[in-house]
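As structure tokens, the structure follows; a few thoughts come after it.
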Amino acid sequence: MRLVHFSDTHLGFSEYYRTDPQTGLNQREQDVYQAWEQAIALILSLQPDLVLHAGDLFHTPRPNNRAIRVALEGIQKVSSAGIPMVIVSGNHETPRIRSTGSIFESLALFPNVFPVYESRYECHIIQSVAVHCIPHCSLTEELEAAVCAVTRCEGAAHQVLLTHGAWSGGSYGMGEFNEQRLPDLDATAAGPFDYIALGHYHKPLAIREHIRYSGSTERTSLSQSEHPCGLLEVDLDSGKKNFFELAVRPMLRLPVLECRKLSAADIYEQADRLSRTCPDGAVVQLTLNEVNASVFLQLETARLDSLFEHALQLEKIIRPAEAEDAVHRVNERIESLPVEFGRYLEAVEEPHWDKQRLMQLGYRYLDI
């Protein structure tokens, strides 16, 4: 019995102002669609017995029409191939107001597709596998009830758990205000499981040999620049696991450039040297540390941009020498208040701050 485990496809995600010259779409949005299409093509070539998607199929509860079309086309291909597919909802696509409904309702119209999204436990018996599903739950009480409801199906040859959230006992969160914290589900009365398929954390990771995050199919932040993107093939009989990496847009966080003793000309020269290490079309972060005030006033961001014109996007972080706690992050596009607030917290180096708590409070005050 072979299954494919993938997650965090975030269809509809977009960032920066660049557009795809062929489609006219936001380039990063197009990148996410292309990664999804790669994943679907790989699934069809592998011909597994079962496909598990561990949440955040979409980036928002109300995805745009393009994201819906791309998702349905891919799911239809898997369904038409006769491959059962179980999908749990993640925190990104779960609506805050339940009465608005869920886009997942439409997925149930496909044969062989089993969407789980109503903040409660469900179990689907597919061939010889019991797939225990816990989607994202908006309330802690709902998550606790879902965990308590998990019951072993003794007649099944394999017990598999599919869920979305931050596993307990480690730093497996994404710093998002509405992420759910998962207990050690293997230690509950329903455990142990033959395999636990996790979503939410964008880095492929083994909590234990049989408890895995598959990672995302595309990166949504420069903080994920070193994380490979792909999907997992799992053989439940032998325990063998294969990770298949997808070809996605490169992201680089360049080595920090120490600038206290550098002139503006020196900084341009060093930045030019670093730019030569960047592949075409990459998303790049350039950090200038301890820039003297007089030099800071002389720096031309447009000139820095010109050195990286072969990159899709250059994000510049400039730290003045006279105020070590001040960070100047230069972006060509100002995002929404929540996004900018998250960027600010990410950039500030303050070890005593509880950034996750501050982000939760910030989102509450911003009313999102």
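If you're matching positions, the sequence shown starts at 14 in this note's numbering and goes up one per residue. Each residue gets a CB set at the ideal place from its N, CA and C atoms; glycine is no exception.
Quick check on DSSP: helix, strand or coil for residue i?
{"i": "R232", "result": "coil"}
{"i": "N125", "result": "coil"}
{"i": "G375", "result": "helix"}
{"i": "D248", "result": "strand"}
{"i": "C146", "result": "strand"}
{"i": "I81", "result": "helix"}
{"i": "Q172", "result": "strand"}
{"i": "Q369", "result": "helix"}
{"i": "L270", "result": "strand"}
{"i": "V17", "result": "strand"}
{"i": "G355", "result": "helix"}
{"i": "E155", "result": "helix"}
{"i": "C242", "result": "coil"}
{"i": "R332", "result": "strand"}
{"i": "C382", "result": "This structure leaves residue 382 out entirely; the chain is present only between 14 and 381."}
{"i": "A179", "result": "strand"}
{"i": "T36", "result": "coil"}
Can you list, in chain order, the residues of its chain with a C-beta nearer than 7 Å to that of residue i? Leave out the 5 residues immediately preceding and following it.
{"i": "L156", "result": "C150, Q193"}
{"i": "F321", "result": "S288, C291, V297, L327"}
{"i": "W49", "result": "T22, L24, V83, G87, T230"}
{"i": "A277", "result": "V308, Q311, L312"}
{"i": "L259", "result": "A48, Q51, A52, T230, C242, G243"}
Pull up the distance between the alpha-carbon of residue i and that of residue j, whole angstroms please.
{"i": "E337", "j": "D285", "result": "Residue confidence is low: E337 scores 48 on pLDDT, short of 50, so the model does not pin down where it sits. No coordinate-derived value is stated."}
{"i": "W366", "j": "M372", "result": "11 Å"}
{"i": "L245", "j": "C161", "result": "28 Å"}
{"i": "A158", "j": "H215", "result": "26 Å"}
{"i": "R75", "j": "T300", "result": "35 Å"}
{"i": "R273", "j": "Q311", "result": "14 Å"}
{"i": "N77", "j": "F19", "result": "22 Å"}
{"i": "A67", "j": "L38", "result": "27 Å"}
{"i": "S93", "j": "F309", "result": "59 Å"}
{"i": "L358", "j": "K368", "result": "7 Å"}
{"i": "S132", "j": "G178", "result": "13 Å"}
{"i": "V361", "j": "R266", "result": "16 Å"}
{"i": "I381", "j": "L374", "result": "Because I381 carries a pLDDT of 47, less than 50, the predicted location of this residue cannot be relied on, and the following value inherits that uncertainty. Cα to Cα, the separation comes out at about 11 Å."}
{"i": "I331", "j": "A306", "result": "11 Å"}
{"i": "E271", "j": "A334", "result": "10 Å"}
{"i": "W180", "j": "D279", "result": "46 Å"}
{"i": "L122", "j": "G114", "result": "15 Å"}
{"i": "C136", "j": "P148", "result": "11 Å"}
{"i": "F354", "j": "E167", "result": "49 Å"}
{"i": "L275", "j": "Q283", "result": "9 Å"}
{"i": "I220", "j": "Y226", "result": "8 Å"}
Compare the beta carbon distance of residue i and residue j with 8 Å and say whether it is the shorter of the two.
{"i": "V99", "j": "V129", "result": "yes"}
{"i": "L175", "j": "H145", "result": "yes"}
{"i": "D69", "j": "M14", "result": "no"}
{"i": "E106", "j": "F71", "result": "yes"}
{"i": "V173", "j": "A143", "result": "yes"}
{"i": "P217", "j": "G243", "result": "yes"}
{"i": "L59", "j": "L249", "result": "no"}
{"i": "A203", "j": "R232", "result": "no"}
{"i": "D44", "j": "V261", "result": "yes"}
{"i": "D383", "j": "F206", "result": "No answer is possible for residue 383: the residues shown for the chain start at 14 and end at 381."}
{"i": "I56", "j": "V91", "result": "yes"}
Short of 6 Å in beta carbon distance, which residues of its chain neighbour residue i, apart from the five on each side in sequence? Order them along the chain.
{"i": "V296", "result": "M264, L325, Q326"}
{"i": "P97", "result": "L63, N125, I139"}
{"i": "A210", "result": "H18, L65, A67, L175"}
{"i": "H223", "result": "Y208"}
{"i": "F26", "result": "V45, H72, T233"}
So, for residue i: in the same chain, excluding its five sequence neighbours on each side, which residues have a beta-carbon less than 8 Å away from its beta-carbon?
{"i": "Y281", "result": "R316, L317, L320"}
{"i": "I116", "result": "F71, P74, R75, P76, I81, E106"}
{"i": "E141", "result": "Before going further, note that residue 141 is Ser rather than Glu in the sequence given. Only M14, A169, A170, H171 meet the Cβ criterion."}
{"i": "T36", "result": "Q43"}
{"i": "G294", "result": "R262, P263, H323, A324, L325"}
{"i": "E303", "result": "E271, C272, R273, R332, P333, A334, E337"}
Tell me whether residue i, by its Cβ, gets closer than 7 Å to a heavy atom of the ligand GDP.
{"i": "R194", "result": "For the ligand GDP, the structure offers nothing, since it holds no ligand at all."}
Return no unless some Cβ of chain B is closer than 8 Å to the Cβ of residue i.
{"i": "M372", "result": "Checking the listed chains, one finds no chain B in this structure; it contains a single protein chain."}
Scan the region 40-124 and note each continuous beta strand (DSSP E) run of 3 residues or more that stays entirely inside, going in chain order. DSSP runs (the beta strand (DSSP E)) wholly in the region 40-124: 63-66, 98-101.
Whole beta strand (DSSP E) runs in the region 276-310 with 3 or more residues, listed along the chain? Counting only runs of 3 or more, we get 296-304.
In chain order, each beta strand (DSSP E) run of at least 3 residues that lies wholly inside the region 188-230: Segments of the beta strand (DSSP E) lying fully in the region 188-230: 208-212, 218-221, 224-226.
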